[in-house]
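Notes follow once the structure below has been shown.
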Amino acid sequence: MPLIGKLVVCGVGLIGGSFALALRRAGAVGRIVGIGRSKAPLERALALGVIDEIAADWAAALDGADMVLLAAPVGQMDAIMAAMAPHLSPGTIVTDAGSTKRDVVEAIQRHLGARLAWVVPAHPIAGAEKSGVEAAFAELYQQRRVVLTPLPENRPEAVERVRQAWLACGATMSATSPQEHDRVFAAVSHLPHLLAFGLVDDLARRPNAQLLFSHAAGGFRDFTRIAGSHPEMWRDICMANSEALLAELDQYMAEMAQLRGLLAAGDAAGLEAVFDNARRARNAWAEGLPVQTAE
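Numbers 857 to 1151, taken from the numbering used here, label the letters of the sequence shown in order.
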């Protein structure tokens, strides 16, 4: 018997579709049902074999469901949970793939309060600049981290079932609180996306945009790759985590002000010291070594 008899995926795009494909490849799921706000992506997912059927509504989707993955943009989570709540059976495990967690947990508490034992928030740290079910692939989560942010009310067996599902996808697991999760990812994920979007938008609005982009090469491509990500998804993430993101943006602007001061003063040694510290930290991280705190 598979780990999950009936899986419901809400939002069959890159994340939800890859979860379905990975579980199918691992033999960890019996039947996969897709549900979402638009029919065309679901029909495409069905044609590609990512899902086995399309649910017309939440009542049909949740009938006999063992697990539900909410893989829609975080801005849709509140409405989704409100719609599914009346049809959710005791013992059906609900998890999500949202990039922010405090807002998701607040929505869970508002709409799924009677089912808190079985609702386990999570965040797979995987993705690509491409979106949609056509971009989904079974290997997306191989050796990628998935962070669980369990609720105090969660039953241990529910947390373990979610953990086993992600392990079946090839992921590595860790756990933290929703609050710590959002602080960390504001710095290492949400801020980099904001900066990449901002740089490309700035250049695209200039009168000589075509000239600038025609001369862009590898460094620009590497720095701005994530600006090709899903705009709606990242709008929702930035708005949901705005408090932590604003704090990180202020910190980064202070760093930029320091660099500007070094440039204006002609302080080559000071500039090189910043660059050297950044290089050592980045290389240590890339090699899996501890990053030493700068003095």
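The beta carbon of each residue, even a glycine, is placed where N, CA and C say it ideally should be. In this text, all values refer to a predicted model and were calculated from it rather than measured experimentally.
Whole-angstrom distance between residue j and residue i, CA atom to CA atom
i	j	result
residue 863	residue 938	19 Å
residue 1016	residue 860	13 Å
residue 1044	residue 964	25 Å
residue 908	residue 887	6 Å
residue 905	residue 1031	32 Å
residue 1051	residue 857	47 Å
residue 917	residue 929	19 Å
residue 1002	residue 870	15 Å
residue 995	residue 1027	10 Å
residue 1000	residue 1122	43 Å
residue 1048	residue 950	30 Å
residue 1107	residue 1005	26 Å
residue 1054	residue 1009	40 Å
residue 1124	residue 1011	57 Å
residue 872	residue 991	11 Å
residue 1148	residue 1131	15 Å
residue 1069	residue 1056	9 Å
residue 943	residue 1019	24 Å
residue 958	residue 1034	5 Å
residue 975	residue 1133	42 Å
residue 1085	residue 986	6 Å
residue 1042	residue 1064	32 Å
residue 919	residue 865	13 Å
residue 1110	residue 980	31 Å
residue 1145	residue 1071	35 Å
residue 932	residue 1140	38 Å
residue 998	residue 1022	10 Å
residue 1119	residue 993	45 Å
Range of the contiguous alpha helix (DSSP H) that encloses residue i
i	result
residue 1124	1124-1142
residue 980	No alpha helix (DSSP H) holds residue 980; the beta strand (DSSP E) holding it covers 978-980.
residue 895	895-903
residue 881	870-881
residue 1082	Where residue 1082 is concerned, there is no enclosing alpha helix (DSSP H), given that its DSSP letter is neither H nor E.
residue 1092	1087-1096
residue 1068	1065-1071
residue 934	933-940
DSSP-derived helix/strand/coil call for residue i
i	result
residue 1026	coil
residue 908	coil
residue 887	strand
residue 892	coil
residue 1054	helix
residue 913	coil
residue 1031	strand
residue 1101	helix
residue 952	strand
residue 947	coil
residue 863	strand
Enclosing beta strand (DSSP E) for residue i [first to last residue]
i	result
residue 923	923-926
residue 961	Run containing residue 961: none in the beta strand (DSSP E); it sits in the alpha helix (DSSP H), 958-967.
residue 1147	Neither: residue 1147 is in no beta strand (DSSP E) and is coded neither H nor E.
For residue j and residue i, believed in contact at Cβ under 8 Å, the rounded distance
i	j	result
residue 983	residue 897	Between residue 897 and residue 983 the Cβ distance is about 17 Å, and since that is not below 8 Å, they are no contact.
residue 1037	residue 1093	About 12 Å; that fails the 8 Å criterion.
residue 890	residue 903	Incorrect: roughly 11 Å between the Cβ atoms, too far for contact.
residue 911	residue 875	No, residue 911 and residue 875 are not in contact; Cβ-Cβ is about 17 Å, not under 8 Å.
residue 868	residue 892	6 Å
residue 1024	residue 882	4 Å
residue 978	residue 952	6 Å
8 Å Cβ cutoff, residue i in contact with chain C
i	result
residue 916	The structure shown contains no chain C, having only a single protein chain.
### Message
Give the list of continuous beta strand (DSSP E) stretches no shorter than 3 residues that lie fully inside the segment 985-1025.
### Response
1001-1004
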